[in-house]
Amino acid sequence: MSEERGKQPIVEHKLPQAIGHASFKPTLCIGLDIAWFGGSKSNKSSQYDFLVAALVSETAVEPQVAHLRVPLRDRDPEAKQTCEALNELIEKFDRDIEQVVFAIDAPLQAACRNFPTRSAVPAKGTVCRRACEDYLGCKRKVIDKAAGGAKGWQPNIQPGAPLAPRIEALIDGLPSQFKLWTPENSGEHKLAIECFPAEAIWAAKRMNYIHAKSICSDFRILMERIVETVFLADVVQRHRRSINTMGKIGSLVKINSADCNLVDEMMTKYSCYEHSQSSEAPVDVPDPDEIEKDIDRMVSWHSEFSKRV
Numbered sequence: 045m046s047e048e049r050g051k052q053p054i055v056e057h058k059l060p061q062a063i064g065h066a067s068f069k070p071t072l073c074i075g076l077d078i079a080w081f082g083g084s085k086s087n088k089s090s091q092y093d094f095l096v097a098a099l100v101s102e103t104a105v106e107p108q109v110a111h112l113r114v115p116l117r118d119r120d121p122e123a124k125q126t127c128e129a130l131n132e133l134i135e136k137f138d139r140d141i142e143q144v145v146f147a148i149d150a151p152l153q154a155a156c157r158n159f160p161t162r163s164a165v166p167a168k169g170t171v172c173r174r175a176c177e178d179y180l181g182c183k184r185k186v187i188d189k190a191a192g193g194a195k196g197w198q199p200n201i202q203p204g205a206p207l208a209p210r211i212e213a214l215i216d217g218l219p220s221q222f223k224l225w226t227p228e229n230s231g232e233h234k235l236a237i238e239c240f241p242a243e244a245i246w247a248a249k250r251m252n253y254i255h256a257k258s259i260c261s262d263f264r265i266l267m268e269r270i271v272e273t274v275f276l277a278d279v280v281q282r283h284r285r286s287i288n289t290m291g292k293i294g295s296l297v298k299i300n301s302a303d304c305n306l307v308d309e310m311m312t313k314y315s316c317y318e319h320s321q322s323s324e325a326p327v328d329v330p331d332p333d334e335i336e337k338d339i340d341r342m343v344s345w346h347s348e349f350s351k352r353v
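Counted the way our numbering counts, the sequence shown spans residues 45 to 353.
Here it is in structure tokens:
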């Protein structure tokens, strides 16, 4: 049965209160870039999920960061391999955390709405607003104003939608302690929230230097992994002694000079945020708009490069 779109009245006291780093509670923040259908059947390089975790607390000058690339055997239709990797990350930090916030780039709040199959252009009134959409709709202008204005930029909030079977399997496979975020349960010990890139970038625009520097550092680490697993087709890796060429070395012919220039540009630009800098010659962190453009460039490049024959 379809649900009516449109704003619902916002009850101010039901909006989520400060959690995690904002309230100085040691919080493990985990982000999942999930392949909704386990990647392309014909493209091995797309059959991966990626997890990144950051432990933030009052005493940490910068978050402790860990990341994990999860190869999907047989495209992992039940999301079991991803759930196992998630548990490994949580166990790694378990003694130091009071709360876990697990962000997934999927409309999780569609899970309990029994949406029918969604068309490319849904009819008016058939898509329901998400909880974070209501929250940002209520709070965004106030937050932007306090930060000096939105400067004409707004996050592209994505409405709820039907879930891919693998996403549903992931939700079912999460430990029972995980609760889906709502304004009422934002203080739960383990929360799963939906988070799309535009929303995360908007949040990054409102963070201080330390958080922006951390984003640059994480982007640099991801660039290293892209070079190893996509650009060089996993033939070589820095911390692996063996060289794997079977079924992979032919992919190297796809590389052209423009690819080399882009990778060299990004690796050089973001190396200064990953490595320590002299206090006599500090390096300014890029504006969030610049970071967003660089991320978009790499996403577009990755998509185009992966489709080359």
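The C-beta atom is built at its ideal place from N, Cα and C for all residues, glycine as well.
Asked: In chain order, each alpha helix (DSSP H) run of at least 4 residues that lies wholly inside the segment 91 to 154; Found: 124 to 137
Asked: Whole-angstrom distance between E348 and S222, CA atom to CA atom; Found: According to the sequence provided, residue 222 is Phe. The question's Ser does not apply to it. Each residue's Cα considered, the two are about 36 angstroms apart.
Asked: Own chain, CB closer than 7 angstroms to K292, minus 5 neighbours either side, in chain order; Found: A277, D278 and V279
Asked: Under 9 angstroms between C-beta atoms of L130 and L95; Found: yes
Asked: CA-to-CA distance, L76 to L214, given in whole angstroms; Found: 11 angstroms
Asked: L76, DSSP secondary structure in three states; Found: strand
Asked: Inter-residue CB distance, P70 and Q91 (contact presumed, cutoff 8 angstroms); Found: Not confirmed; about 34 angstroms, so no contact.
Asked: Beta-carbon separation (whole angstroms), R282 vs Y314, contact threshold 8 angstroms; Found: Going by Cβ atoms, the distance from R282 to Y314 rounds to 17 angstroms, so no, they are not a contact pair.
Asked: Proximity to K257 [Cα-Cα], best of A97, R117, P330 and I148; Found: P330
Asked: Run of the beta strand (DSSP E) containing L31, from where it starts to where it stops; Found: This structure cannot settle anything about residue 31, because the visible part of the chain is limited to 45 through 353.
Asked: M310 versus R341 - alpha carbon distance; Found: 10 angstroms
Asked: Three-state class that DSSP yields for E71 in the structure shown; Found: The question names Glu, but residue 71 is Thr in the sequence shown. Of the three classes helix, strand and coil, the one that applies to T71 here is strand, per DSSP.
Asked: CB of P121 within 9 angstroms of CB of P227, strictly; Found: no
Asked: A150 beta carbon less than 9 angstroms from that of W225; Found: no
Asked: Contact belief for A97 with I74 at Cβ below 8 angstroms, rounded distance in angstroms; Found: 5 angstroms
Asked: Best match in A123, C239, C127 and P219 for proximity to L152 [C-alpha to C-alpha]; Found: C239
Asked: Span separating the alpha-carbon of V307 from that of C316; Found: 15 angstroms
Asked: Endpoints, beta strand (DSSP E) assigned at L296; Found: No beta strand (DSSP E) holds L296; DSSP gives it neither H nor E.
Asked: For K223, the first and last residue of its enclosing beta strand (DSSP E); Found: F222 to L224
Asked: Distance, S220 Cα to S84 Cα; Found: 30 angstroms
Asked: Range covered by the beta strand (DSSP E) that runs through L235; Found: K234 to E238
Asked: When R352, E135 and R119 are compared against V297, the one with the closest alpha-carbon; Found: R352
Asked: CA nearest to the CA of A147, picked from I237, L266 and F275; Found: I237
Asked: Other residues of its chain near E33: CB distance less than 7 angstroms, five sequence neighbours each side excluded; Found: Because residue 33 is not part of the residues shown, which for the chain are 45 to 353, the question remains open.
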